[in-house]
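Protein chains in written order, with my numbering: chain A, 1 to 114; chain B, 1 to 111.
Listed below in structure tokens is the structure:
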């Protein structure tokens, strides 16, 4: 079974631009969560999608948004990029979303904002 | 407000000895806890978990202990191996299925 894939792996943007990151979960998994990892902050939860609906949301500004498609693939969008948005963005999938099972993470997209 | 805390950013241990990684939480609603390991340029991988109805769970060299009254969990790795060198994250969740992660502890196992 293929793992969670994320594209692109690396991205360089400038302040004020917007960016879209993509995540393909493990086949059959319906829950996709997004996290931001920065040094000293660990993994900060952004949001979770389950069956195309946002089920949970972290404490991030409205510039961060996401969506999930009917095939469970998910995209995350960040508008009006700021220098502080430079981070590793990780997505994670799990199957049913109803049990406290482990999540499976992708390799992440490293975003650098100049 | 950091609901899950890992107060030691780094830890060095000799190969063959025990590694103990600690994690504290503040939210008493958390009822499931997990440990993940992360190598550079890779996503975190699941190691071991524990439900709040237990106080210990073992899987090979890895054991997780949960002290609910102290809101504290720890991961023991025995014996430690150089391949265990990585960043370890603890995470907690409740009925909302929202996973809250700690800031991570970088473990270095010295050969």
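Ideal placement from N, C-alpha and C gives every residue a C-beta, glycine not left out.
Since this is a predicted model, take the numbers as computed values, not measurements.
Chain A contact residues for residue i, given Cβ-Cβ distances below 7 Å
i	result
residue 49(B)	102
residue 89(B)	42, 43
C-beta contact flag for residue i and residue j at 9 Å
i	j	result
residue 22(B)	residue 6(B)	yes
residue 33(A)	residue 56(A)	yes
residue 105(B)	residue 10(B)	yes
residue 67(A)	residue 25(A)	no
residue 116(A)	residue 69(A)	Since the first residue of chain A shown is 1 and the last is 114, residue 116(A) is not available in this structure.
residue 33(B)	residue 70(B)	no
residue 36(A)	residue 81(A)	no
residue 43(B)	residue 16(A)	no
residue 25(B)	residue 86(B)	no
residue 56(B)	residue 62(B)	no
residue 13(B)	residue 107(B)	yes
residue 43(A)	residue 109(A)	no
residue 64(A)	residue 100(B)	no
residue 15(B)	residue 80(B)	yes
residue 77(A)	residue 18(A)	yes
Within chain A, partners of residue i - CB distance below 9 Å
i	result
residue 98(B)	33, 45, 48, 55, 56, 57, 58
Proximal chain B residues relative to residue i, where beta-carbon distance stays under 8 Å
i	result
residue 107(A)	41, 42, 43
Closer than 7 Å at the beta carbon, the chain B residues around residue i
i	result
residue 41(A)	103
residue 90(A)	43
Residue i, DSSP secondary structure in three states
i	result
residue 114(A)	coil
residue 85(A)	helix
residue 31(B)	coil
residue 66(A)	strand
residue 16(B)	coil
residue 95(B)	coil
residue 24(B)	strand
residue 59(B)	strand
residue 42(A)	strand
Among the options, the one whose alpha carbon lies nearest that of residue i
i	options	result
residue 45(B)	33(A), 110(A), 104(A), 76(A)	104(A)
residue 31(A)	79(A), 107(A), 4(A)	4(A)
residue 95(A)	106(A), 50(A), 38(A)	50(A)
residue 9(A)	18(A), 2(A), 22(A)	22(A)
residue 28(B)	95(B), 8(B), 48(B)	95(B)
residue 124(B)	63(B), 40(B), 30(B)	Nothing can be reported for residue 124(B), as the shown portion of chain B is limited to 1 through 111.
residue 101(A)	74(B), 48(B), 41(B), 39(B)	48(B)
residue 14(A)	85(A), 93(A), 46(A), 61(A)	85(A)
residue 72(B)	39(B), 12(B), 20(B), 15(B)	20(B)
residue 87(A)	114(A), 54(A), 29(A)	114(A)
residue 68(B)	50(B), 79(B), 37(B)	50(B)
residue 83(A)	76(A), 63(A), 19(A), 112(A)	112(A)
residue 125(B)	54(A), 71(A), 79(A)	Examination of residue 125(B) is not possible in this model, given that chain B is present from 1 through 111 alone.
residue 41(B)	71(A), 78(A), 79(A), 6(A)	6(A)
residue 40(A)	84(B), 89(B), 109(B), 111(B)	89(B)
Contacts that residue i makes with chain A (C-beta to C-beta distance below 8 Å)
i	result
residue 46(B)	102, 103, 104
residue 34(B)	102
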